[in-house]
Amino acid sequence: MIIEMLTIAIVAVFLTGYACIALESVIKVNKAAISLFMFVACWTLFMLAPEIYFPGTTDATRAALESIEGCLGETSTTLFFLMGAMTIVEVVDQNGGFNFVRDMLGTTSKRKLLWRIALMTFFLSAILDNLTTSIVLIMVLRKLVPLRHDRLIYDAVIVIAANAGGAFSPIGDVTTIMLWNSGMITAAKTITSLLIPSLLSLLVPACLLQYALKGTLEQSSAGDDIVTSEQQLKQWERKTVFVLGVGGLIFVPIFHYLTDLPPFMGILLVLAMLWITTELFYAHLKVDESASHRVGRLLTHIDMATILFFLGILMAVNCLKQIGVLTAMGEWLDSVSGGNHYLVTGIIGIVSSIVDNVPLVAGCMGMYPVAPTGDLAVDGAFWQLLAYCAGVGGSMLIIGSAAGVVVMGLESISFGWYLKRITPVAILGYLAGMVGYWLQSLL
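In structure tokens form, the structure reads like this:
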């Protein structure tokens, strides 16, 4: 009885917090504050009677504290990765490194710009990851589109394209990395099987959203922000900063593969190398002349509200995972679907737009062992659909993916605006990709 009451209370706190985040623009309370309160409240309820969640343990309180510390450790790896990636992008941007990317995207046509951004985001997110790619493109977009009304449409396309591009690549999303490292999918088969479905999930929304953009772009003065930096650094130095920054981000998956160290350590290595290099470049200048472009100062530009929001959400979801709610949800889905893997993974994709897709995929990996043949075999339909649905499904809500959360924080996008304007077209893209996968399987 007690375990049921506590579980219901924790779920109720999470749902209430989620509703408050969704209504941020109405209640006028920052989503980071709500997510932190939700995180602490969930775990406080958990600690009221930890022995019921750790039956047979001699010291349930100690086991519960170790569980919290373990969840915090897992969450911290994501947060450090995020902070490192944001800082690297900021350093490259402030030192003129993204000028050529801006020039490549530069066009006076609003619709042409949408397609260039969509395709560049899609393929970059497969090489880097959807989180880092979103940060890079948002920084570039700010220099190209001065009007906020138009930029919100481009922001939404970046979220959709980043999640779609990450879904077909084994290193493009955390969930695909999990499935790849666990031997449930292979790199070559995943790319060939999911490229077309993922591309469809982007093309359908992009085709519809382009009609919200009309006319030509006004010239932005945002590019003047980096004039001082360009005067300070020589052209070869700016190119070096770009190569170290973007090339370093591309190197992170390779670093992880070669060393088996967590990706955040690769990000911190790149940041350290970039920091040392720029310090040497600025060594001949007075401190006050280069202070605004040094890494030490740029670290203060990190959006801590977004970081804390991410912390609260992930830790609250980990609490739900700890009490068995997510596992029970997966088992329920399997029973009501009658073993229809298209239906199961499709629903998981919808759920992943509400809660973090990492624990959902982890729960599925624990529920369904790899079979020698059939849909649950290596590279079977279930695992490929799980990679697609968990990745692309996050686009249906702005808080459904890491890319969406970051873009939401950087551009101050309201949950309600995204729900009204973007969610319907994202759903159409999601369904189009699943239909594309089904048709492809018939060939």
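All letters in the sequence shown, in the order written, are residues -8 to 434 by the numbering used here.
The beta-carbon is built from N, C-alpha and C at its ideal position, and this holds for glycine as well.
Quick caveat, the model's predicted, so the values are computed rather than measured.
Reference residue i, options the options, closest by Cα
{"i": "residue 207", "options": "103, 258, 319 and 96", "result": "103"}
{"i": "residue 320", "options": "342, 418, -4 and 259", "result": "342"}
{"i": "residue 420", "options": "54, 200, 46 and 255", "result": "200"}
{"i": "residue 73", "options": "424, 395 and 409", "result": "395"}
{"i": "residue 286", "options": "263, 298, 13 and 434", "result": "263"}
{"i": "residue 107", "options": "96, 115, 117 and 318", "result": "96"}
{"i": "residue 226", "options": "88, 129, 360 and 117", "result": "88"}
{"i": "residue 117", "options": "55, 181 and 129", "result": "181"}
{"i": "residue 157", "options": "249, 61 and 386", "result": "386"}
{"i": "residue 304", "options": "253, 198 and 393", "result": "393"}
{"i": "residue 256", "options": "242, 268 and 267", "result": "242"}
{"i": "residue 115", "options": "141, 94 and 154", "result": "154"}
{"i": "residue 30", "options": "47, 5 and 41", "result": "5"}
{"i": "residue 417", "options": "192, 275, 41 and 250", "result": "192"}
{"i": "residue 132", "options": "94, 17 and 167", "result": "94"}
{"i": "residue 270", "options": "318, 259 and 284", "result": "284"}
{"i": "residue 338", "options": "13, 381, 258 and 362", "result": "381"}
{"i": "residue 422", "options": "336, 167, 62 and 250", "result": "336"}
{"i": "residue 254", "options": "267, 324, 318 and 169", "result": "169"}
{"i": "residue 360", "options": "348, 7, 249 and 174", "result": "174"}
CB-CB length for residue i against residue j, believed under 8 Å
{"i": "residue 189", "j": "residue 159", "result": "4 Å"}
{"i": "residue 332", "j": "residue 372", "result": "6 Å"}
{"i": "residue 402", "j": "residue 129", "result": "7 Å"}
{"i": "residue 328", "j": "residue 391", "result": "About 21 Å separates the two Cβ atoms, so there is no contact after all."}
{"i": "residue 33", "j": "residue 20", "result": "Not really, about 18 Å apart at Cβ, beyond 8 Å."}
{"i": "residue 370", "j": "residue 176", "result": "6 Å"}
{"i": "residue 383", "j": "residue 340", "result": "7 Å"}
{"i": "residue 413", "j": "residue 147", "result": "4 Å"}
{"i": "residue 352", "j": "residue 334", "result": "Their Cβ separation, rounded to whole angstroms, is 17 Å, which puts residue 352 and residue 334 out of contact at 8 Å."}
DSSP bridge partner residues for residue i (one or two, in chain order)
{"i": "residue 100", "result": "207"}
Nearest-angstrom Cα separation, counted from residue j out to residue i
{"i": "residue 99", "j": "residue 194", "result": "21 Å"}
{"i": "residue 9", "j": "residue 430", "result": "36 Å"}
{"i": "residue 311", "j": "residue 36", "result": "11 Å"}
{"i": "residue 105", "j": "residue 145", "result": "6 Å"}
{"i": "residue 85", "j": "residue 316", "result": "45 Å"}
{"i": "residue 432", "j": "residue 364", "result": "16 Å"}
{"i": "residue 379", "j": "residue 273", "result": "45 Å"}
{"i": "residue 58", "j": "residue 288", "result": "36 Å"}
{"i": "residue 214", "j": "residue 139", "result": "Unreliable positioning characterises residue 214 in this predicted model, as indicated by a pLDDT of 44, which lies under 50. The coordinate reading is nonetheless provided below. The straight-line gap from Cα to Cα measures roughly 16 Å."}
{"i": "residue 300", "j": "residue 24", "result": "7 Å"}
{"i": "residue 202", "j": "residue 196", "result": "11 Å"}
{"i": "residue 151", "j": "residue 184", "result": "19 Å"}
{"i": "residue 110", "j": "residue 187", "result": "13 Å"}
{"i": "residue 502", "j": "residue 204", "result": "Outside the shown range of the chain, which is -8 to 434, sits residue 502, and nothing can be said about it."}
{"i": "residue 178", "j": "residue 171", "result": "7 Å"}
{"i": "residue 424", "j": "residue 113", "result": "14 Å"}
{"i": "residue 326", "j": "residue 237", "result": "46 Å"}
{"i": "residue 228", "j": "residue 82", "result": "13 Å"}
{"i": "residue 313", "j": "residue -7", "result": "16 Å"}
{"i": "residue 389", "j": "residue 71", "result": "21 Å"}
{"i": "residue 27", "j": "residue 302", "result": "7 Å"}
{"i": "residue 240", "j": "residue 261", "result": "7 Å"}
{"i": "residue 405", "j": "residue 399", "result": "7 Å"}
{"i": "residue 297", "j": "residue 434", "result": "44 Å"}
{"i": "residue 101", "j": "residue 141", "result": "9 Å"}
{"i": "residue 445", "j": "residue 265", "result": "One cannot answer for residue 445 here, as it falls past the ends of the chain, which runs -8 to 434."}
{"i": "residue 374", "j": "residue 42", "result": "35 Å"}
{"i": "residue 435", "j": "residue 61", "result": "Because the chain in this structure spans residues -8 to 434, residue 435 falls outside the shown range and cannot be described."}
{"i": "residue 252", "j": "residue 3", "result": "37 Å"}
Handout entry: Inter-stretch contact at 8 Å, needing at least 3 Cβ pairs: the region 62 to 73 / the region 298 to 313
Key = In short, these stretches touch, since the Cβ pair count reaches three.
Problem - Segment contact flag, the region -6 to 3 with the region 23 to 43, C-beta cutoff 8 Å, min 3 pairs - result: As far as the Cβ criterion goes, the region -6 to 3 touches the region 23 to 43, which means the pair count is three or higher.
Handout entry: Any 3 or more C-beta pairs closer than 8 Å across the region 150 to 168 and the region 112 to 121
Key = Touching, yes.
Exercise for the section: Inspect the CB distances between the region 73 to 81 and the region 287 to 302 and report whether three or more fall short of 8 Å. Expected result: Cβ pair count under 8 Å is three or more, so yes.
Handout entry: Sufficient close CB pairs (3 or more, under 8 Å) joining the region 38 to 52 to the region 224 to 242
Key = Contact annotation: the region 38 to 52 does not touch the region 224 to 242, with fewer than three C-beta pairs closer than 8 Å.
Practice task
Could you tell me whether the region 404 to 412 touches the region 128 to 138, using the rule of 3 or more Cβ pairs below 8 Å?
Solution key: Output reads no: the region 128 to 138 does not touch the region 404 to 412.
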